[in-house]
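Position one of the sequence shown corresponds to residue 14 (the working numbering), numbered consecutively onward. Each residue gets a CB set at the ideal place from its N, CA and C atoms; glycine is no exception.
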Amino acid sequence: MLIDSHAHLDAAHFDDDREEVIQRALAQGVTAIVNIGFNRETIPTTLKLSEAYEFIYAAVGWHPQDAIDMKPEDLGWIEQSCAREKVLAIGEIGLDYYWDTSPKDVQHQVFREQIRLARKLRMPIIIHNRDAHEDVVRILREEKADEVGGIMHSFSGSWEIAKQCLNLNFYISFSGPVTFKNAKQPKTVLANVPLDRLLVETDSPYLTPHPYRGKRNESAYVRLIAETAAEIKGLPIAEIEEITTSNAKKILGIL
C-alpha cells in the first residue's frame, strides 16, 4: 500500500490515457492519491477528479507562480472549496524564486493570506518552495503555521532547513529527484528525516524518477520513491509503505 501525496492527474499530459494511468497506480498498490488544484484552471478539474474516484482526494490553493493573478474573491473560492468532503489541505502554496512570473512581495502576501485561511479552517498546508528556503521558513514561523502543520512538497532544501520545517510541525515529502544518482543532498536529508515525518510523492507528470527520467511521470512510480527510501533507511520496502501511508493519513486526515 502506498499514498501518492502529491499529483496532478488532471494535467493535459494525461488527457489521452488518464484512466489507464490511474489503473496502473492501483496495480502498483497505490491506495490513495492527493491531486493538487493550484489556480483558476486546475481547482475545478481537481475537484471533479476527486469526485469521480473514491481513492483520489484533493488539495486546493494558489500557486506562487500565479500569485499575480489572484483576486480577493479567489481566496473566498478556495475557502468554499475547502468545505467539500474530499478536500484535505490548502495547497500548493508558498514561494517560487526560480520562475520570474510574480513579484516577491505579491507572492509573500498571497502566501500569508492562505496560511491565515488554513489556520481559520484548521487545515494542513502543502508547501511549494523553489529557491526560497529562508523566506518560506520565516513566513511559516511568523504566520504561526505550526498550528496546522502540513507537508513540504518535493523537498529540495538542506538538512538545516528540513530541521526548521520539522520544528514547525511539517512532514518532509520526497519525489523523483531523490532517486537520481548524483542527488546527494536529497539523499542526505531523507537519511536524517525521522520515520514518523517521511512522505513520498510523484508530483506527476513532473519530476520523473530514475529509470524513467525525461519521460512523463505517473502515480504508479511512487513505488520507485518508496524503494529508494527503503534503501537509504535500510528498511524493507513493506515497512516504508506502511510508515509513509500512516504518515499521510495522519497529516491529511484520510480515514
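Kindly give me the distance between the Cβ atoms of PHE193 and MET165, rounded to whole angstroms, as I take these residues to be in contact under 8 Å.
Not a contact, Cβ separation roughly 19 Å.
What would DSSP say about TYR234, mapped onto helix, strand or coil?
helix
Does the stretch 53 to 60 come into contact with the stretch 27 to 36, if we say contact requires no fewer than three beta-carbon pairs (one atom in each stretch) closer than 8 Å?
no
Tell me, please, which residues DSSP counts as bridged to VAL34.
DSSP output for VAL34 lists no bridge partner at all.
Please give me, in chain order, every unbroken run of the alpha helix (DSSP H) with length at least 4 that falls completely inside the stretch 71 to 141.
85 to 94, 117 to 134
ALA24 versus THR58, LYS117, SER186, HIS146, residue with shortest Cα-Cα distance:
THR58
Is the Cβ-Cβ distance between GLY322 and PRO222 less than 7 Å?
The chain is shown from 14 up to 268; residue 322 falls before or after that span and cannot be answered.
Using a Cβ-Cβ cut-off of 6 Å (strictly less than) and excluding sequence neighbours within five positions of ARG80, which residues of its own chain qualify?
Checking the sequence, you will find Ala at residue 80 rather than Arg. Counting only Cβ-Cβ distances below 6 Å, and skipping sequence neighbours, we find SER115, VAL119, GLN120, VAL123.
I think LEU15 touches THR241, with their Cβ atoms under 8 Å apart; what is that distance to the nearest whole Å?
About 13 Å separates the two Cβ atoms, so there is no contact after all.
Thinking VAL43 and VAL235 are a contact (beta carbons under 8 Å), I'd like their distance in whole angstroms, please.
6 Å
For SER63, the three-state DSSP class (helix, strand or coil)
helix
Return yes when the Cβ of GLU105 is within less than 7 Å of the Cβ of HIS141, no when it is not.
yes
VAL213, DSSP secondary structure in three states:
strand
Rounded to the nearest angstrom, what separates TRP90 and ASN260 at their Cα positions?
29 Å
Residue of LEU101, SER63, LEU60, ALA158 minimising C-alpha distance to GLY107:
ALA158
Assigned secondary structure, HIS21 (DSSP; H/G/I helix, E/B strand, else coil)
coil
Own chain, CB closer than 6 Å to GLY272, minus 5 neighbours either side, in chain order:
This structure gives no information on residue 272, because the portion of the chain shown stretches from 14 to 268.
Given a threshold of 16 other Cβ atoms within 10 Å of its Cβ, counted over all protein chains shown, does TYR111 qualify as buried or as exposed?
exposed
Does DSSP classify ALA145 as helix, strand or coil?
coil
Which partner residues of TYR225 appear in the DSSP bridge assignment?
TYR225 is not bridged to any residue.
Best match in LEU203, VAL161, LEU39 for proximity to ILE139 [C-alpha to C-alpha]:
VAL161
Whose C-beta lies closer than 6 Å to the C-beta of TYR70 among residues of the same chain, with five residues either side of it excluded?
VAL47, SER63, LYS99, LEU101
Please report the residue range of the beta strand (DSSP E) in which THR257 lies.
Taken as a continuous stretch (DSSP letters only), THR257 belongs to no beta strand (DSSP E), being part of the alpha helix (DSSP H) at 250 to 265.
Residue nearest to VAL206 in terms of C-alpha spacing, selected from PRO224, LYS263, ALA243, ALA233
ALA243
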